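Report on the following structure.
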Ligand SMILES: [Fe+2]
């Protein structure tokens, strides 16, 4: 295991977690099949990308508080990967003023990320305590694997905290949002190919 690349080690753990949670969701076929599809696509051969250079932002100081919520094997894998990430602030028009300094995201599987696999687009989101990643939508279906705390919302539902190891499923085009609570939100998201 120790000779695995940090990206492989982290995505192997994340894919296993998504598959395990999804396979238990026998009462919700949409979540089950989306999660299992993410895991299958993660196992496809990687294709090269043109990665952005690694870049850290001040909000990344929140990572230690996120790690305190996480399983130790995931922390070790994520810590090894983190120096390769190009953390960026997203311009989101409906955000509150605390968003720019209270959020960062980094592409993992993407043409500008570390690798591509099976048409998945994936990234890491970090949201500081008390900060909201505002309501948005997008055509691709989405699965989040929750790494640390945080709360999620989608149209027609209430805010809820899946907790570390939980998954969130956003059907295509649904309005959704997330926020840090008393602990930062750290999660990896996957947009499924159509
Ligand atoms: Fe989203």
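In this note's numbering, the protein residues as written are -16 to 177. Idealized CB from N, CA, C, for every residue including glycine. Remember, predicted model here, so these are calculated numbers, not experimental data.
Work out the CA separation of residue j and residue i for me, nearest whole Å.
i           : j           : result
residue 64  : residue 90  : 12 Å
residue 33  : residue 174 : 19 Å
residue 24  : residue 1   : 12 Å
residue 113 : residue 161 : 11 Å
residue 43  : residue 163 : 14 Å
residue 5   : residue 135 : 17 Å
residue 101 : residue -1  : 16 Å
residue -10 : residue 80  : 33 Å
residue -13 : residue 149 : 25 Å
residue 116 : residue 78  : 7 Å
residue -5  : residue 8   : 20 Å
residue 68  : residue 58  : 15 Å
In this structure, how does DSSP classify residue i when only helix, strand and coil are distinguished?
i           : result
residue -11 : helix
residue 6   : helix
residue 129 : strand
residue -2  : helix
Under a CB-based cut-off of 7 Å, is residue i close to chain C?
i           : result
residue 157 : This model lacks chain C altogether, as it is built from one protein chain only.
Would residue i be called buried (16 or more neighbouring beta carbons within 10 Å of its own) or exposed?
i           : result
residue 108 : buried
residue 146 : exposed
residue 53  : buried
residue -8  : buried
residue 38  : exposed
residue 106 : buried
residue 96  : buried
residue 195 : Beyond the ends of the chain as shown, which are -16 and 177, falls residue 195; an answer cannot be given.
Could I get the ranges of all uninterrupted alpha helix (DSSP H) runs contained in the stretch 19 to 104, with 4 residues as the minimum, in chain order?
-> Correct list: 46 to 50 and 55 to 64.
Answer yes if the stretch 136 to 144 comes into contact with the stretch 16 to 34, meaning at least three C-beta pairs across the two stretches below 8 Å, and no otherwise.
-> The stretch 16 to 34 vs the stretch 136 to 144: no contact.
Below 8 Å, can you find three or more Cβ-Cβ pairs linking the stretch 127 to 136 to the stretch 157 to 170?
-> Judged by pairs of C-beta atoms under 8 Å, the stretch 127 to 136 touches the stretch 157 to 170, as three or more such pairs exist.
Is it true that the stretch 152 to 166 meets the stretch 111 to 127, where meeting means three or more beta-carbon pairs spaced less than 8 Å apart?
-> Verdict: yes, contact present.
Which residue spans inside the stretch 105 to 175 form an unbroken beta strand (DSSP E) run of at least 3?
-> Those beta strand (DSSP E) runs which fall completely within the stretch 105 to 175 and span 3+ residues are 115 to 119, 125 to 129, 134 to 137, 150 to 153, 159 to 162 and 168 to 174.
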